[in-house]
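These notes are about the structure you will find just below.
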Amino acid sequence: MEFSSVNTIWVLLGAALVFFMQAGFSMCEAGFTRAKNTGNILMKNLMDFCIGTPCFWLVGFGIMFGAGTGLFGWFDSMIMKDYSSILPSGVPLWAYAIFQTVFCATSATIVSGAMAERTKFSAYCIYSAAISLLIYPISGHWIWGGGWLSELGFHDFAGSTCVHMVGGVCALIGAKMLGPRIGKYGKDGKPRAILGHNLTFAALGVFILWFCWFGFNGASTVGMDTDELIVSAGLVFFNTNLCTAVACCTTLIFTWLRYGKPDVSMTYNAALAGLVGITAGCDAVSPLGAAVMGIVFGLVIVLAVEFFDKVAKIDDPVGAISVHGVCGALGTILTGLFATGVSTEKGVFYGGGYHFFGVQCLGVASVILYVAVVITIVFAILKHTIGLRVTPEEEITGLDVSEHGLLTAYAGFAMLPDTAAVETDAPVAVTGSVPAAEAIPVKRVPSFDTADGTAPKFTKVEIICKESKFEALKTAMLELGITGMTMSHVLGCGIQKGKPEYYRSVEVEPTLLPKIQLDIVVSKVPVRSVIETAKKVLYTGHIGDGKIFVYDVENVVKVRTGEEGYDALQDVE
6 MEFSSVNTIW
16 VLLGAALVFF
26 MQAGFSMCEA
36 GFTRAKNTGN
46 ILMKNLMDFC
56 IGTPCFWLVG
66 FGIMFGAGTG
76 LFGWFDSMIM
86 KDYSSILPSG
96 VPLWAYAIFQ
106 TVFCATSATI
116 VSGAMAERTK
126 FSAYCIYSAA
136 ISLLIYPISG
146 HWIWGGGWLS
156 ELGFHDFAGS
166 TCVHMVGGVC
176 ALIGAKMLGP
186 RIGKYGKDGK
196 PRAILGHNLT
206 FAALGVFILW
216 FCWFGFNGAS
226 TVGMDTDELI
236 VSAGLVFFNT
246 NLCTAVACCT
256 TLIFTWLRYG
266 KPDVSMTYNA
276 ALAGLVGITA
286 GCDAVSPLGA
296 AVMGIVFGLV
306 IVLAVEFFDK
316 VAKIDDPVGA
326 ISVHGVCGAL
336 GTILTGLFAT
346 GVSTEKGVFY
356 GGGYHFFGVQ
366 CLGVASVILY
376 VAVVITIVFA
386 ILKHTIGLRV
396 TPEEEITGLD
406 VSEHGLLTAY
416 AGFAMLPDTA
426 AVETDAPVAV
436 TGSVPAAEAI
446 PVKRVPSFDT
456 ADGTAPKFTK
466 VEIICKESKF
476 EALKTAMLEL
486 GITGMTMSHV
496 LGCGIQKGKP
506 EYYRSVEVEP
516 TLLPKIQLDI
526 VVSKVPVRSV
536 IETAKKVLYT
546 GHIGDGKIFV
556 YDVENVVKVR
566 TGEEGYDALQ
576 DVE
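If you count by our numbering, then the sequence shown holds residues 6 to 578, one letter each, in order.
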């Protein structure tokens, strides 16, 4: 066989980009979940690739590309047989093998996001291996390995169904069998928003995935040595980018109208929805078709996330089921409508009739059925043997500690506390007597006279307000003559519970909102002046402006000098 340098380089470059998608998935999943599980998520995204690679080498590649039957390839340990009949023009076996290996790892990675924050690491490793060994290779054989679907003319250019929908179906079954995270649903069944701890991570992950998708889709031409392939690669790149951008714009407008504000996390999910959806037909549709498909994905991703969260009650922290499962299937089906006939049969909208559309629907349905049955068996075995889910105590503590002995993935950084708790039908009864607090003696000091002959009075003013008001409040207090203050980040809310806010279509339960607490002790400065100044700075007329508490202080002690009383509040050296 005569090898082509340009084709081989193109395939290897695509393999490198698809591998780097692991970093994107890691960042995206970590950002959309809580800080206490970051190390666990990073470990899973490393190990599904590391486990999947030898599994695909030992068994999976042969099953997927071996010349067996229409349902199953041959068993070939360590890729020892002849695959010349399926190799792209001018591409050596090992270049094609690594290209297919990174695609296999991508399918396994998808599952971790939907099952995040409550899955045993040991169970994860086992079902990740099962996906790479058997589940992905068999359906892959049907589509890309010369199996029965490819013979019917089923078209899935880069893997909307073969890669993404397979992972999405596994994610759906796994998340359903696991059950929701503790605190996700109230006793009334309504979902509660569990905010991701780092949208910066999530955004970085999405941009990495978007960048790498040009390799995922573009390099699936597996060649660049003819004018036809060059034109095809250009169209693939353009359609991939256009569909994704339009999906984001659509979701931005839709969530703006639906929730009153454009939803950040949902719009980033729309980027992934567009990327997944266009993957099946990026070589077969026109830019106009790609744009229309982007509009569909931008609308569907919002409705799908809401459906699984609110109706189906399936807890998916990152939206993997909606992105990869729903949009993967939908993108494959829409190819049967929008295909122009360049690389496939014409779609329904281009006069091709319903045959090609029917084949696309049949392929999606058959893969869903196969994957759902097999992964259900895998999960059921795990659930009844080593267990699929960690204990409630381990879940609340965080998988970083319970699964890996990692105290935190952010040593040196303070994170918002996790207030989730296991709900019980009745409060825990307190048995026995509660010991009284030990009295701490307070040193009484004489009433020092101030310059005008009156006894000094010390007053503590405690101001709780929005974090955004801190700088303005601090400046106003300094101008008033306040020489010392203490600021703390706190969580709290008033009786109004704050105005409704939304995270991924779910109303954020405003029981504990981020606030600041500013503590000031005054003597010389009139207390009323502090109160009135704070009111002027903080007032907006809306819920959450804050509250001011005033306390009497018995004594003040300056540690450095030992001064007490009025003198301790003065900063004169």
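All C-beta atoms in this analysis are idealised placements derived from N, C-alpha and C, irrespective of residue type, glycine included.
Hey, out of P531, I548, N203 and D320, whose CA is closest to K195's CA?
-> D320
Quiz item: Taking DSSP as the reference, what is the three-state secondary structure of T337?
Solution: helix
Own chain partners of F24 with C-beta closer than 8 Å, once the 5 adjacent residues on each side are dropped: F54, V107 and A110
Practice item. Assuming Y571 and S534 form a contact by the criterion Cβ under 8 Å, report the distance between their Cβ atoms to the nearest whole angstrom. Key: Rounded, the Cβ-Cβ distance is 18 Å, inconsistent with contact.
task = Would you tell me roughly how many angstroms separate the C-alpha atoms of V323 and F37, rounded to the nearest one?
result = 6 Å
**Prompt:** Would A370 be called buried (16 or more neighbouring beta carbons within 10 Å of its own) or exposed?
**Reply:** exposed
### Query
Looking at C-beta atoms only, is the number of pairs between the stretch 326 to 339 and the stretch 158 to 166 that lie closer than 8 Å three or more?
yes
Contact belief for N560 with E569 at Cβ below 8 Å, rounded distance in angstroms: 6 Å
DSSP three-state call for C287: helix, strand or coil? coil
* Express the C-alpha separation of E398 and Y651 in angstroms, rounding to a whole number. => The structure shown does not extend to residue 651, since the chain is modelled only from 6 to 578, so the question has no answer here.
Considering just the uninterrupted stretch of the beta strand (DSSP E) at D53, what are its terminal residues? First-last for D53: T43 to C60, but that is the alpha helix (DSSP H), not the beta strand (DSSP E).
Tell me the DSSP secondary structure of A198 in three-state form.
coil
Just how far apart, CA to CA, sit S10 and L139? 33 Å
ask   = Should the stretch 145 to 156 be regarded as contacting the stretch 62 to 76, the criterion being three or more beta carbon pairs within less than 8 Å?
value = yes
Check whether the stretch 195 to 211 touches the stretch 142 to 149, taking contact to mean three or more Cβ pairs, one atom from each stretch, closer than 8 Å. no
key: One or two residues paired with L496 in a DSSP bridge   = P519
> Is the stretch 249 to 257 in contact with the stretch 50 to 68, if contact means three or more CB pairs nearer than 8 Å?
Replying inline: no
Review point. Do the stretch 347 to 358 and the stretch 302 to 320 meet, that is, are 3 or more Cβ pairs less than 8 Å apart?
Key: no
inquiry  = Taking the beta strand (DSSP E) that C470 belongs to, which residues open and close that run?
reply    = F463 to C470
For this session: Using alpha carbons as the reference points, say which of M271, L523, E408 and C175 lies closest to R123.
Result: E408
Query raised in the report: Does DSSP put I548 in a helix, a strand or coil?
Result: coil
| query | Under a three-way DSSP split, which group does V526 fall into? | reply | strand
Quiz item: Between the C-alpha atoms of A278 and S327, what's the straight-line distance to the nearest angstrom?
Solution: 8 Å
Check: How many Å lie between F463 and S473 at the Cα?
Finding: 29 Å
query = Exposed or buried, what is P446 when buried is set at 16 or more other beta-carbons lying within 10 Å of its beta-carbon?
reply = At P446 the pLDDT is 38, less than 50, meaning the model places this residue with poor confidence and gives no usable figure here.
Starting from A110, trace the alpha helix (DSSP H) in both directions and tell me its first and last residue. L98 to A119
Task: Cα-Cα separation, P97 to T245 - done: 27 Å
* **Pick from I536, W147, K479 and M83 that is closest to C60, judged by C-alpha positions** => M83
So which of A20, Y556 and H169 has the shortest CA-CA distance to I103? A20
CA nearest to the CA of C498, picked from V511, L483 and K520
K520
- Rounded C-beta distance between C470 and D550? I'm assuming under 8 Å. 7 Å
- Query: Considering R263, what are the terminal residues of the alpha helix (DSSP H) in which it resides?
  - Reply: D232 to Y264
Checklist entry - Measuring CA to CA, which of L209, G184, I136 and S493 is closest to G173? => result I136
Q: Would you grab the beta carbon distance between L44 and D405 for me? Rounded to a whole angstrom, and I think it's under 8 Å.
A: Residue identity differs from the one stated: residue 44 is Gly in this sequence, not Leu. Yes, they are in contact, since the Cβ atoms of G44 and D405 sit about 4 Å apart, within 8 Å.
Using a threshold of 7 Å, state whether the C-beta atoms of A289 and S348 are closer than that. yes
**Report entry** S155: first and last residue of the uninterrupted alpha helix (DSSP H) it sits in
**Finding:** W153 to L157
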